[in-house]
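Notes follow the structure.
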Amino acid sequence: MAQGKNRRVLKELLHLPMSYFLMAAFAAFGLALGIYRLVVGLGPTTNLSDAYPWGLWILYDVFFIPFSAGAFMISAVTHIYDKEEYHVIARPVVLAGFLGYLFVVLVLLMDLGRWHRFYNVLVPWYWNPHSFMFEVSMCVTVYTGILVMEIAPSILERLNWEKPLRFLRIATVVIAGAGIVLSSLHQSSVGSLFLLMRHKLHALWWTPQLPLFFFTSAAFSGLSMAIFVAVVSFKAFGKRLKLDLLSDLAKIVFIMLGLYLALKVTDLAINGELSLMFSEGWLSFLFAAEMLLGVIAPMFIFGNREMRQSNSGLFQGSGLVLLGLGLNRVNVALLGLQAPAGADYFPHWIEMVISLAAIVAGVLIFGLAARFLPIFQDAEEVEAERSPSDSRSKEKGWSQLPQPGTVDTT
Amino acid sequence: MDRRDFLKLSGAGLGGLLVGGARTARAKAAWNGKALLYDATMCTGCRACQMACKRENDMPAETGGSELYEKPSNLSASTRTLIKVAEDEQSGEWSFIKQQCMHCLHPACVSACPVGAFQQTEHGAIVYRSERCIGCRYCMVACPFNVPKFDWDKSLPYIEKCDLCVDRLEEGLPPACADVCPTGAITFGDRDSLIAEAERRISNSPDTYVNRIYGKDELGGTSMLYLSSVPFDKLGLPELDSEPVTELSEAIATYGTPSVALSVTSLLGGLYYWFSNHEEESESEATVDQKEEA
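Keeping their order, the protein sequence lines are chains Y and A.
Sequential numbering from 2 applies to the first sequence in this note's numbering.
Sequential numbering from 660 applies to the second sequence in this note's numbering.
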């Protein structure tokens with residue numbers, strides 16, 4: 002019987018759309034380049050220099066860490082405020098968050114000059130508790146582990162492994178709680194990395210509030226990522242999605258964006274730096290772009306009930322928030338940092354291909370998982386909602402009894 | 660950007676109060692380490708210090724930079740100290756300037772490194788413990804003087820920077836650059852006495868010197884001290900305040916982190932408890948899975 006199952010999986014794999022094979026090929030190319038980079042070093046494979054020690058790969062990480070915050074925001078909402086309709090999107094969002102983190106770790110490894118000693122971060126007598134890089138590394142490591150436990154039920158259900166599943170069900174609240182605590186620390190400590198650069202980071206971005214701003218922006222970006230992933234993936238996999246649920250989230254994003262905007266302006270005002278919004282030329286333009294595109298425009302979209310309840314409004318609003326987040330992180334980690342005169346940085350093609358391959362690999366694994374694992378299991382219950390007989394839909398999304406996945410039923 | 664504003668805004672009550680405490684604890688009396696005093700008015704730009712540094716650290720020669728006055732034009736993985744020439748365009752005055760690690764009293768690199776690869780020795784030298792380094796380059800980005808450099812062409816590179824010839828200090832010898840300087844432009848000694856010496860030179864010839872010792876107060880003080888006849892910002896030394904860059908970051912790491920962890924944990928616990936109770940109270944809202952659990 003197991004053999005028959007395997008054969009079915011194999012058959013399904015071979016009949017995947019062409020796009021999967023193209024993505025796999027590109028990811029493999031990225032992997033090959035990654036190995037090449039690890040062998041020959043950063044010099045030949047990147048355009049990093051003593052003037053620009055940090056480049057595209059750091060940007061990748063400071064963007065995808067808050068992007069992946071969707072996972073903790075959704076697990077916070079589902080576990081604390083046990084609103085069952087959120088469970089529908091919880092699995093796809095947590096999966097996307099897990100994949101986001103997985104590739105953050107891999108790209109971070111690419112960026113480490115002495116990657117073969119990465120485990121030094123885990124050696125207790127080397128620890129420097131004053132260092133936010135230490136805090137970030139610890140949080141990434143532990144949080145990835147927690148996401149593994151959050152994502153494990155999908156895999157264990159597929160394999161019908163009852164014992165670990167039972168344990169995970171009992172521990173689920175603790176796991177989710179630990180994830181939320183770690184995530185709060187983690188998101189803010191990415192901002193705290195730049196606290197040391199009081200003189201190097203432009204005053205439009207440097208403030209003692211950096212941890213607070215990074216945390217807040219990670220929270221609304223995480224929710225936007227949840228909306229984005231839900232809209233896109235449900236569409237891509239032909240699932241029906243109740244939009245009320247997403248429009249609730251969009252409303253929360255709207256409130257958080259408003260809070261962020263108010264905090265940002267207040268902070269500049271208190272430091273007497275409001276005029277910097279206009280006086281700094283290119284940097285003022287970048288700041289304006291980040292706030293207009295990523296905060297104010299999505300506030301207009303999510304503030305409008307009709308837009309909030311339409312697929313396209315949700316897609317555009319959440320897309321803009323993520324774009325603005327990207328711009329903000331680029332500004333803080335690269336463009337807003339003072340650079341020595343005469344030095345320039347534009348990523349090497351290998352840096353770009355590896356970053357892109359990491360994203361493509363994430364999409365590919367997400368696609369495969371959605372086909373072979375019970376990821377959209379609850380979503381189908383939404384489809385079948387009209388028959389009210391199914392009381393199981395009220396059960397926690399994480400603790401679903403093993404059911405045949407989408408593929409198996411055919 | 661007053662710390663009090665930070666307190667008010669973040670409202671992180673307990674964590675915030677402790678930030679203030681950390682600041683006073685850090686306000687040390689005069690540092691009693693070793694230091695170097697570079698008097699730019701006495702430097703002839705012979706670059707003997709540069710050569711001695713290369714010999715001491717067994718580093719290859721570098722080409723590039725302006726042929727006559729400086730070579731190369733930037734510190735690098737194989738150049739830990741460098742004589743550069745700087746000109747004040749307004750007055751037309753020019754001066755040599757020696758670059759190397761400033762050996763801050765409150766070093767950003769020591770604070771930044773996740774694995775403690777930088778250490779402040781009892782002499783006040785900031786040394787690199789290469790076996791710990793993971794190559795994240797946070798030290799390079801964090802350093803206010805852009806001193807740490809990376810050996811980009813190696814496949815598994817190390818960070819490179821001046822270590823104040825810490826091995827020579829152990830033997831009671833001065834750093835190689837100070838030892839070899841033929842004009843006395845580089846003096847090695849106790850930081851206190853070098854500051855007194857610099858003040859003496861300024862008061863003896865007030866017309867020669869800018870009335871300031873660069874490094875005495877910058878970022879809470881550095882072990883590299885400068886005297887010059889040309890304003891320091893013209894020499895490429897950044898204009899900095901006297902507050903250490905490490906204070907805020909370290910206070911938030913030490914007190915903010917546990918405060919956030921504690922408050923988020925208790926907030927979560929509280930919310931969870933409240934929602935569970937709330938659901939039990941209102942019968943109609945009681946969820947099915949709770950019944951199942953019961």
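Virtual Cβ for every residue (Gly too), placed ideally from N, Cα, C.
- Does Gly44(Y) come within less than 8 Å of chain A when only Cβ atoms are used? yes
- Message: Could you compute how far the alpha carbon of Tyr53(Y) sits from the alpha carbon of Leu166(Y)?
- Response: 47 Å
- Message: Considering only the alpha carbon of each residue, which of Leu926(A), Ser922(A), Leu930(A), Val904(A) lies closest to Ser770(A)?
- Response: Val904(A)
- Beta-carbon proximity list for Ser356(Y), same chain, < 7 Å, skipping 5 on both sides: Leu57, Trp58, Tyr61, Val108
- Item | Segment limits, alpha helix (DSSP H) that includes Lys875(A) | Note, Lys875(A): premise wrong, no alpha helix (DSSP H); not H, not E.
- Thinking just about the alpha-carbon of each residue, which of Asp849(A), Cys821(A), Cys840(A) is nearest to the one in Gly831(A)? Asp849(A)
- Task: Please decide whether Gly631(A) counts as near chain Y, where near means a Cβ-Cβ distance under 8 Å.
- Result: Examination of residue 631(A) is not possible in this model, given that chain A is present from 660 through 953 alone.
- For Val364(Y) versus Leu34(Y), is the C-beta distance shorter than 8 Å? Contact flag unset, no.
- Task: Taking Ala340(Y) as the reference, give the member of Thr846(A), Leu930(A), Phe804(A) with the closest Cα.
- Result: Phe804(A)
- Does the stretch 102-122 of chain Y come close enough to the stretch 87-94 of chain Y to have 3 or more Cβ pairs within less than 8 Å? no
- Message: Spatial neighbours of Val839(A) within its chain, please: C-beta separation below 8 Å, excluding the five flanking residues on both sides.
- Response: Ala707, Cys708, Met710, Ala711
- Are the C-beta of Asn121(Y) and some C-beta of chain A separated by less than 8 Å? yes
- Short CB-CB distance (under 8 Å) between Trp350(Y) and chain A: no
- Message: Could you pull the DSSP bridge partners for Gly848(A) from this structure?
- Response: Ala694(A)
- Spatial distance of Ala857(A) from Asp851(A) (CA atoms): 10 Å
- Item | Strand pairing of Glu819(A), partner residues [DSSP] | Lys808(A)
- Task: Please work out which residues of its chain come closer than 6 Å, Cβ to Cβ, to Met24(Y), disregarding the five sequence neighbours upstream and downstream, and give them in chain order.
- Result: Result list for Met24(Y): Val361, Leu365, in chain order.
- Query: Do the stretch 191-207 of chain Y and the stretch 128-136 of chain Y touch if we need at least three Cβ pairs shorter than 8 Å?
  - Reply: With the cut-off at 8 Å, the stretch 191-207 of chain Y and the stretch 128-136 of chain Y touch.
- Message: So if DSSP puts Met883(A) in a beta bridge, which residue, or which two residues, is it bridged to?
- Response: Leu695(A)
- Message: My output table needs one value for Gln339(Y): the three-state DSSP class, helix, strand or coil.
- Response: coil
- Query: Going by C-alpha distance, which of Gly273(Y), Lys265(Y), Gln317(Y) is nearest Met292(Y)?
  - Reply: For Met292(Y), the nearest C-alpha among the options comes from Lys265(Y).
- Task: For the beta strand (DSSP E) containing Ala1005(A), list its first residue and its last residue.
- Result: As displayed, chain A neither begins before 660 nor continues past 953, which places residue 1005(A) out of reach and without an answer.
- Query: Quick one: what's got a C-beta closer than 7 Å to Pro890(A)'s C-beta in the same chain, skipping five residues either side?
  - Reply: Asp747, Val869
- Item | Burial state of His187(Y) (16 or more Cβ within 10 Å) | buried
- Identify the contact partners of Met799(A) in chain Y, using a Cβ-Cβ distance below 9 Å as the criterion. Asp51, Pro54, Trp55
- What are the uninterrupted segments assigned as alpha helix (DSSP H) that are 4 or more residues long and contained completely in the stretch 211-266 of chain Y, given in chain order? The DSSP assignment places complete alpha helix (DSSP H) segments of no fewer than 4 residues inside the stretch 211-266 of chain Y at 211-237, in order along the chain.
- Using a Cβ cut-off of 7 Å, pull out every chain A residue sitting near Tyr37(Y), in sequence order please. Per Cβ cutoff of 7 Å: no residues; Tyr37(Y) is ~11 Å from chain A at best.
- Task: Could you please give me the residues that DSSP links to Glu746(A) through a beta bridge?
- Result: Trp753(A)
- Message: Helix, strand or coil, according to DSSP, for Val786(A) in the structure here?
- Response: strand
- Task: Can you have a look at Leu160(Y) and say buried or exposed, based on whether 16 or more other CB atoms are within 10 angstroms of its CB?
- Result: exposed
- Count the other C-beta atoms from every protein chain shown that fall within 10 angstroms of the C-beta of Tyr37(Y), then say buried if there are 16 or more, exposed otherwise. exposed
- Query: Is it true that the stretch 919-929 of chain A meets the stretch 175-187 of chain Y, where meeting means three or more beta-carbon pairs spaced less than 8 Å apart?
  - Reply: yes
- Could you please tell me which residues of the stretch 760-772 of chain A, in chain order, have their CB closer than 7 Å to any CB of chain Y? Hits within the stretch, in order: Ala767, Ser770, Ala771, Cys772.
- Message: For Val63(Y) and Val78(Y), I'd like the C-alpha separation in whole angstroms.
- Response: 24 Å
- Query: Taking 7 Å as the cut-off, is the CB of Phe303(Y) close to at least one heavy atom of the ligand MG?
  - Reply: For the structure depicted, the ligand MG is absent and the ligand set is empty, with no information on it obtainable.
- Message: Can you confirm whether the stretch 796-813 of chain A touches the stretch 37-46 of chain Y when touching is taken to mean that 3 or more C-beta pairs between the two stretches lie within less than 8 Å?
- Response: yes
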